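Participant:
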Amino acid sequence: MKYEILTPREIRRYSKQIMINEIGIRGQEKLKTSRVLVIGAGGLGCSVLQYLTVAGIGKIAIAEFDMVDETNLQRQVLYGSNDVGKLKSVIAKNRLEHLNSFVEFEVFNLKVDISNSLKIIRDFDMVVDATDNFEARYIINDACIILDKPMIHGSIYKYEGIVSVFNYKGGPTYRCYNPALPDINFKNPAPLQVGLFGVLPGITGTLMANEVIKIITGTGEVISGKILLFNILNNTFNTSSVNNIPENHDIKNLLLSETS
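Once you know that position 81 of the sequence shown is 1174 in my numbering, the rest is easy, because the numbers rise by one and skip nothing.
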């Protein structure tokens, strides 16, 4: 059999994944020809990036503007003690290139905001929201709706994690789950203020990467229209439904109503 997309080395490398009937050669080829943007290279992003890299995603972009802090090292496993004070985006890219030389990486060493989100997201098949603040999530969500891109979302708090996929095949958006921005005085609690189990972002990020792989290969059931909520302290996993609100897909009018 002649393979036009995967090299013999790639077939050997991904052989265990290719053996799965639901993926096979065709699924692995889809992974190689896919382009995924991961926004945020903190705890969630580190886990997502590693598993997407070893899975054989063709191109992975990293959007991150922060630098490594010593308090990050308990959970952000791409970084080590010698990386403190260095750019996360650059360190992450270097680490990931060692994991898989077949993957192309691109770095956006900046903050994704309303001025650049459409330009950055436009060239990718889907976006992984590995951010840690509400403002960024709404910006990513709105850009994904405008450009018709799925948004794989994850968030964590203490020992609880949430995973969902928004804007997938016309499904609910992040605004359907969280209809409006919190009060202007609301501040996201930082991990240093509330504490955080170090393994939680790893578990959550792995589940997020799983959704990316399922979407690309067309396997399994995507967590669209639902929220997966899990608690690693008492080992509970629950899902709840998210209503698809048509008005939340009309971003232009929605934003106009918010500013009026």
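For glycine and all other residues, C-beta sits at the position ideal for the given N, C-alpha and C. The model shown is predicted, which means the values in this text are computed figures rather than measured ones.
I'd like to know whether the C-beta atoms of Tyr1267 and Phe1259 end up nearer to each other than 7 angstroms.
Facilitator: Their beta carbons are under 7 angstroms apart, which means Tyr1267 touches Phe1259 by this criterion.
Participant: Closest by CA to Tyr1144, which one among Ser1174, Ala1236, Gln1110?
Facilitator: It is Gln1110 whose Cα lies nearest to the Cα of Tyr1144.
Participant: Among the residues of its own chain, which have a CB less than 6 angstroms from the CB of Asn1331, if the five just before and after it don't count?
Facilitator: Here the set comprises Leu1322.
Participant: Taking a contact to mean a Cβ-Cβ separation below 7 angstroms, would you say Phe1195 touches Lys1186 in this structure?
Facilitator: Cβ atoms of Phe1195 and Lys1186: not closer than 7 angstroms.
Participant: So Ala1229 packs on Val1205, CB below 8 angstroms; how close in whole Å?
Facilitator: Confirmed, about 7 angstroms.
Participant: In angstroms, rounded to a whole number, what distance separates the CA positions of Ile1239 and Ser1333?
Facilitator: Looking at the two C-alpha atoms, the distance is approximately 26 angstroms.
Participant: Below 8 angstroms on the Cβ atoms is my guess for Ser1182 versus Ala1134; work out the distance and round it to an integer in Å.
Facilitator: Correct: roughly 6 angstroms between the Cβ atoms.
Participant: Spatial neighbours of Val1177 within its chain, please: CB distance less than 7 angstroms, with the 5 preceding and 5 following residues excluded, ordered by chain position.
Facilitator: Cβ neighbours of Val1177 beyond the five flanking positions: Val1161, Asp1162, Glu1163.
Participant: If you draw a straight line from the C-alpha of Ile1344 to the C-alpha of Ile1116, how long is it?
Facilitator: So the two alpha carbons sit approximately 35 angstroms from each other.
Participant: Three-state secondary structure (DSSP) at Leu1124?
Facilitator: In the structure shown, Leu1124 sits in a helix (DSSP, three-state: H, G or I).
Participant: Exposed or buried, which one is Asn1434 when buried takes at least 16 other CB atoms within 10 Å?
Facilitator: There is no way to answer for residue 1434, as the model of the chain reaches only from 1094 to 1353.
Participant: So what's Leu1189 in DSSP terms, helix, strand or just coil?
Facilitator: Three-state DSSP puts Leu1189 in a helix.
Participant: Give the secondary structure of Asn1175 by DSSP, where H, G and I count as helix, E and B as strand, and everything else as coil.
Facilitator: Helix at Asn1175.
Participant: For Val1141, does the three-state DSSP call read helix, strand or coil?
Facilitator: Val1141 falls in the helix class under three-state DSSP.
Participant: Please work out which residues of its chain come closer than 8 angstroms, Cβ to Cβ, to Gly1151, disregarding the five sequence neighbours upstream and downstream, and give them in chain order.
Facilitator: Within the same chain, Gly1151 has close Cβ partners Leu1124, Lys1125, Thr1126, Ser1127, Arg1128, Val1196, Glu1197.
Participant: Under the three-state reduction of DSSP, which class applies to Glu1314: helix, strand or coil?
Facilitator: DSSP places Glu1314 in coil when its eight states are reduced to three.
Participant: Kindly provide the ranges of any alpha helix (DSSP H) runs that are 4 or more residues long and lie completely inside the region 1207–1268, ordered along the chain.
Facilitator: Those alpha helix (DSSP H) runs which fall completely within the region 1207–1268 and span 4+ residues are 1210–1214, 1227–1240.
Participant: Kindly indicate which residue of Tyr1270, Leu1300, Asn1328 has the alpha-carbon position closest to the one of Gly1315.
Facilitator: In the sequence under discussion, the amino acid at residue 1315 is Val, which differs from the Gly named in the question. Nearest C-alpha to Val1315: Leu1300.
Participant: Where does Met1112 land, buried or exposed, given buried means 16+ other C-beta within 10 angstroms?
Facilitator: Counting Cβ neighbours within 10 Å, Met1112 comes out exposed, since fewer than 16 surround it.
Participant: Work out the CA separation of Lys1319 and Lys1307 for me, nearest whole Å.
Facilitator: Those two C-alpha atoms are separated by around 16 angstroms.
Participant: Assign Ile1207 to buried or exposed, taking buried as 16 or more other Cβ atoms, counted over all protein chains shown, within 10 Å of its Cβ.
Facilitator: Classification for Ile1207: exposed.
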